[in-house]
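Beneath this line is the structure, given in structure tokens, with notes to follow.
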Amino acid sequence: MQQIPERKSIDLRSGSLTSVPAFKSDSLEELDLSWNKITNMEFDKWATPKLRKLFLSENSLTSVPAFKSDSLEELVLSWNKITNMEFDKWATPKLRKLYLWNNRLKSVPSFKSESLEELHLSGNFINNVEFDKWATPKLRFLTLPFNDLTSVPTIKSDSLEKLDLGHNEIRNVEFDKLDTPKLRILKLWSTSLTSVPPFKSDSLEELHLSGNFINNVEFDKWATPKLRNLYLGSNSLTSVPTFKSDSLEELDLINNKITNVEFDKWATPKLRKLSISLNSLTSVPVFKSDSLEELYLDRNKITNVEFDKWATPKLRILSLWSNSLTSVPSFKSDSLKELHFGNNKIMKVEFDEWATPKLRELELSNNELTSIPSFKWDRVTGCEPLPGIKNGRFHILSCPNDERSSKNKTDCIQGGKYLIRSKVYYSCEEYHILRGPRIRTCGAKQKWSGPDPFCEPECGTLKNVPGPASPLIKDGMIAEPGKWPWQAAIYDKQDKEILCGGALIGERWVLTAAHCVVEGTRSFLTIRGVNNFFVYLGKHFRDESKDDGLVQKKEVTLIIPHPNYDTQDFNSDIALLKLTEAVNFTDRVQMVCLPTHSDLTEVNLQGGSQGWVAGWGHDASNEGTDVLRHIKLSVISNEKCLNDSSFATSNPLTNITENMFCAGDSSVASANRRREYKTVCPGDSGGPLVFTSDRGVRGQWFVEGIVSHIYVNSTQKCSNYHPGQYGIFTRVKKFVDWIKESISMYSE
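Numbering of the sequence shown is given in full-length UniProt numbering, commencing with residue 1 and proceeding in unit increments.
Right, here's the structure in full:
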């Protein structure tokens, strides 16, 4: 038994451990063994009387050992290959948190624990939960999203407070099967629900039903006296039900098909926030509410607002961004502080008819104004109103100590001008970063300090950094939805199949391989028509019927292959697709960074460096995968690539140009290694090979390569690829100038 030095915490992440030695420590409280290759643990040989936290995520465990520990409180076994658990053999009297998400469990064992408070089982293949066999009197949180449940399990628990069943195939909810008197949060997002049953709960505070197919809600049959937050976004509602609730504070109806709202029939005395953006409203109903503070009506088709008929004495924020307004109504409100009218068709604003003493922010960006609105207040010296900022906003940070300004710092706009020494603070919407000054000051010469800032989409950021490499793209680890938010799927309408991958590099631009979008030979090359393709963003499943409301499907309006693309040797195998409309940035849809730092590219593409590639290409069955998978590949020097590929295919090769590089698995070719050989396969073409670095760029991810081709024998299939057959990638850094010039030339 190995004696461990007297330490409270040991970090052995990202190593090559295949097993865990038996060791002894009287002081150890936290041990992290994540991102290794551990296949087995003999925990009964350990002597760690104070161990509280054990992290074993991202390993190769297929079963869970019998844990026996009088001190263990938190155990993380996520991202393994666990298929079975014999929890009844455990002896962990203090275990409070157990994480088993993203394993291969098909059923849930009978948990019996007097201490367990949190159980996380998302991302498995669970189709049944026999909760009646459990004995977990302290269980508060149970998460089961991304499984194969078709119904809500029968749960009886006096302790359960949060239940997450999102992203299952649940088609029906029998709420009376839930005997959970303390349940506060219930999540049924992205399932297959088409209707909502009458909910009855004296404890429920949050209900998440977004991303379903719900077309009707009979709220009058509900009995939820404590329900505060209700989320019904991304469903199929065409009208808004009559809500009656003494507790409801926030209602989200974003991204439905709502054409009408009869707000006068509502009885929601505590409703503070209402979101009806991304619907089909053409007019705004007469809102009457003594509690409403925030109202979002963005991205509808609204042409008119009769604000003088409203009665909303507490309304602070009104957003009508991206509608079809041509004029602005006369606003009269003692509470209104923010008005957002960006991206409409407004030509004129008659501000002299307004009565909004607390209005501090008025956004009119991206309209058709030909002159600055006339503000008829007392003449004062100061700075002119600031233009709106696309994908961002600004607010007043401070006002000067001036007799014309009240003590309230939001009242420093007088006579249509900002008083001298006023300061404003800029911020950007989520997934965007600010370029330019964050704070600007109105100077003594009545000019704003600094240039106008702007918000641009952020690139190369991940919420969850991937773990170690999986074996084989054709037998590898499933990429968690949103793991690679820039991954695009290029769909061929004729073949009705995902043809290639791609990388989102702009709001309307996808980078891919030229051979994915052209036909013919070197002497007679034709570009396929834009109507041949769809582009999916945020996609996980190959089957479109399994897509949730977070997947975005876009048409293509322009295809630009590189003019020097050679069909024979795949030189300059790179192309751009322009989408008909901009994507909506979310956790699942974001941009990857282009490699603009030469020194960083040099480091990333030196032999032995490792990057990640994902795709829906062929697996060991020589068929396209059902879900997005990913692998980690090492960069191979061109010399080694030529030699190994020539040997592997018995065909001398000479055409790896300066516009290409190789990546793959250079491990020794044993029988096992041949079975577990890592490389790209048909269907992965166009997908990005990405690298990250902490060298002054905040850990951003950069697309250094695009999957181009692989050298094979004429009859060889993906399942028979073997060591020495590396993927050949287009070297993106060589084409950055062309990419930027093309985008600039064809941007509207």
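Beta carbons: idealized from backbone N, C-alpha and C, even for Gly. Note that the structure is predicted; figures quoted are calculated from it, not measured.
So within the segment 119 to 196, which uninterrupted beta strand (DSSP E) runs reach at least 3 residues, ignoring any that extend past its ends?
141 to 143, 162 to 164, 185 to 187
Nearest candidate by alpha-carbon position, reference Gly15, set Pro21, Ile38, Asn255
When each option's Cα is compared against that of Gly15, the closest is Ile38.
Beta-carbon separation of Phe331 and Asn367 under 8 Å?
The answer is no: Cβ separation not under 8 Å.
Three-way DSSP call (helix, strand, coil) for Pro92 in this model:
Rather than Pro, the amino acid found at residue 92 in this sequence is Thr. Three-state DSSP puts Thr92 in coil, outside helix and strand.
Residue from Asn344, Tyr726, Asn128, Asn80 whose Cα sits closest to the Cα of Lys390
Asn344
Suppose the cutoff is 6 Å on Cβ atoms and the five residues either side in sequence are ignored; what does the same chain contact list for Val261 look like?
Val240, Pro285
Consult DSSP for Leu359 and reduce its assignment to one of helix, strand or coil.
Three-state result, Leu359: coil.
If you reduce the DSSP assignment to three classes, tell me which class Leu232 lands in.
In this structure, Leu232 counts as coil in the three-state DSSP scheme.
Hey, would you say Leu183 sits closer than 8 Å to Leu163, going by beta carbons?
yes
Determine whether the beta carbon atoms of Lys539 and Ala503 lie at a separation below 8 Å.
no
Which residues does DSSP pair with Ala223 in a beta bridge?
Lys200
Name the two residues that bound the continuous beta strand (DSSP E) containing Thr730.
727 to 731
Three CB pairs or more closer than 8 Å across the segment 592 to 611 and the segment 541 to 557:
The segment 592 to 611 is not in contact with the segment 541 to 557.
Once you ignore the five residues that flank Ser280 on each side, which residues in its own chain have a CB closer than 7 Å to its CB?
Lys257, Ile258, Thr259, Asn300, Lys301
Compare the C-alpha of Val592 against each of Tyr431, Leu98, Ile126 and name the closest.
Tyr431
Whether Leu237 touches Leu209 by CB criterion (8 Å)
no
Counting pairs of beta carbons, one from the segment 518 to 526 and one from the segment 576 to 587, are three or more of them closer than 8 Å?
no
Distance check for Val510 and Met745, CA to CA, integer angstroms please.
15 Å
Quick check for students: name the residue ranges of the beta strand (DSSP E) that lie wholly in the segment 269 to 334, counting only runs of 3 or more.
273 to 275, 294 to 296, 317 to 319
Distance between Thr461 and Gln3 (C-alpha atoms, nearest Å):
Here Gln3 scores only 46 on pLDDT, less than 50, and its place in the model should not be relied on; the value that follows carries that caveat. If you take the alpha carbons of Gln3 and Thr461, they lie about 41 Å apart.
Alpha carbon of Asn235 to alpha carbon of Val217, nearest angstrom:
So the alpha carbons of these two residues sit roughly 11 Å apart.
Find the nearest neighbour of Asp737 within the set Val613, Val690, His562, Val627, judged by alpha-carbon distance.
Distance from the Cα of Asp737 is smallest, within the candidate group Val613, Val690, His562, Val627, for His562.
Let's see if you can read the secondary structure: which residues bound the beta strand (DSSP E) around Ile706?
701 to 710
Cβ of Leu689 within 8 Å of Cβ of Asp665?
no
Coil, strand or helix - Cys383 by DSSP
strand
Between Leu139 and Leu105, is the Cβ-Cβ spacing less than 8 Å?
no
Could you compute how far the alpha carbon of Ala91 sits from the alpha carbon of Leu144?
24 Å
Meets three-Cβ-pair contact criterion under 8 Å: the segment 222 to 235 and the segment 168 to 183
no
Pick helix, strand or coil for Trp616, following the three-state DSSP scheme.
coil
Compute the beta-carbon to beta-carbon distance between Asp252 and Ser275, rounded to the nearest angstrom, for a pair I have assumed lies under 8 Å.
5 Å
Nearest candidate by alpha-carbon position, reference Arg629, set Gly615, Trp35, Glu161, Glu249:
Closest option to Arg629, judged by alpha-carbon separation, among Gly615, Trp35, Glu161, Glu249: Gly615.
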